[in-house]
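Peer 1:
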Amino acid sequence: MTTKTSNTDKANKQSTFGPLIVDVAVPLGTYYLLKDGFGASTFAALAWSSVGPALRTVWGVVKERRVNGLAGLILLVNVVSLALSFVSGDPRLMLAKDSGVSSTIGIAILVSVALGRPMMTEGLKPFLVKGDAARDAAFERLRSGSAAFRRSERAYSVVWGVALLAECLVRVVGAYTLPVDTMVWLGTVILLGAIGIGIVVSGGLAAEPMARMVSAEVAAAATAEVPEVAVAA
8 MTTKTSNTDK ANKQSTFGPL IVDVAVPLGT YYLLKDGFGA STFAALAWSS
58 VGPALRTVWG VVKERRVNGL AGLILLVNVV SLALSFVSGD PRLMLAKDSG
108 VSSTIGIAIL VSVALGRPMM TEGLKPFLVK GDAARDAAFE RLRSGSAAFR
158 RSERAYSVVW GVALLAECLV RVVGAYTLPV DTMVWLGTVI LLGAIGIGIV
208 VSGGLAAEPM ARMVSAEVAA AATAEVPEVA VAA
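Under the numbering used here, the letters of the sequence shown match residues 8 to 240, in that order.
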């Protein structure tokens, strides 16, 4: 029982942290770490932070024969930002521009929810189904037939969209109201704070309940098959 509970908790943590780490934290964290932590140029930081989304997008096309929307968006935003990085300006403008990556992603996530196609689901699903056919089928049944599951699916994306957009707004305000030297390090703190809040809220509000619903659906389907096997025997 303890082992089973431990495995469930581990799966819940994977479903919470996985999409964030793969699609959001790695590119955003790489960018801010290189730029603010190691003093890399805006161009270099954006270029290196684009490697993860680029590989993820190529992998999706080659293996899954589809484009991962979130990874593709991050790649597109970084490419546009690389072009804009050639434009120089005052330090406060540059600090405000740094938040453009997370704000664009946040807005796109919220728009995807409004359109009925929550973008973060593409990153969340693999960590809920874990490559298991039964869990994949359960996920699809819930997505098509469970209003509660769809609400959680939307909530997961909304949390991350709001968190990233709020991070952008706070950084912009700070860029024009606080000393530049302060915002150089405080910007990273704000980003990490937004990510931390997103992890806690999205995990408790959506990812973990979805993981439990998938597990329950798998168990229910397995139970329903038992009488059929018995009759056949």
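By construction, the Cβ of each residue, glycine as well, lies at the ideal position given by its N, Cα and C atoms. No experiment lies behind these values; they were computed from the predicted model shown.
If you scan the stretch 177 to 213 from start to end, which runs of the alpha helix (DSSP H) of 4 or more residues do you find wholly inside it?
Peer 2: Listed in chain order, they are 187 to 209.
Peer 1: In three-state terms, what does DSSP make of L149?
Peer 2: As a working note, residue 149 is residue 142 in the sequence shown. Of the three classes helix, strand and coil, the one that applies to L149 here is helix, per DSSP.
Peer 1: Could you tell me the boundaries of the alpha helix (DSSP H) in which P133 lies?
Peer 2: For this step, residue 133 is matched to residue 126 along the sequence shown. From DSSP, the alpha helix (DSSP H) with P133 extends over 128 to 136.
Peer 1: Hey, I204 and A162: beta-carbon distance below 8 Å or not?
Peer 2: Counting from 1 along the sequence shown, the entry for residue 204 is found at position 197. Counting from 1 along the sequence shown, the entry for residue 162 is found at position 155. In this structure, A162 does not lie closer than 8 Å to I204 by Cβ.
Peer 1: Please confirm whether A226 has its beta-carbon closer than 8 Å to some beta-carbon of chain D.
Peer 2: Judged by its chain identifiers, the structure shown contains no chain D, having just a single protein chain.
Peer 1: Measuring CB to CB, does G168 end up less than 8 Å from L212?
Peer 2: Stepping through the sequence shown from its first residue, residue 168 is reached at position 161. Stepping through the sequence shown from its first residue, residue 212 is reached at position 205. No, they are not a contact pair.
Peer 1: In the structure shown, what three-state DSSP assignment does P216 receive?
Peer 2: Taking the sequence shown and counting its residues from 1, the one referred to as residue 216 is at position 209. Helix at P216.
Peer 1: Using a threshold of 8 Å, state whether the C-beta atoms of K132 and F146 are closer than that.
Peer 2: Looking up residue 132 in the sequence shown gives position 125. Looking up residue 146 in the sequence shown gives position 139. Yes, Cβ-Cβ distance for K132 and F146 is below 8 Å.
Peer 1: Exposed or buried, G46, counting other C-beta atoms within 10 Å across all chains shown (16 or more means buried)?
Peer 2: Walking along the sequence shown from the start, residue 46 turns up at place 39. Answer is exposed; the Cβ neighbour count stays below 16.
Peer 1: Can you give the Cα-Cα distance for M217 and R99, rounded to whole angstroms?
Peer 2: To locate residue 217, count along the sequence shown from 1; it is residue 210. To locate residue 99, count along the sequence shown from 1; it is residue 92. Rounded to the nearest angstrom, the two C-alpha atoms are 42 Å apart.
Peer 1: Put G123 into one of helix, strand or coil per three-state DSSP.
Peer 2: Translated into positions along the sequence shown, residue 123 becomes position 116. Residue state, collapsed to three classes: coil.
Peer 1: So, with DSSP's three-state summary, where would you put S110?
Peer 2: In the sequence shown, counting from the first residue as 1, residue 110 sits at position 103. Looking at S110 - three-state DSSP - the assignment turns out to be helix.
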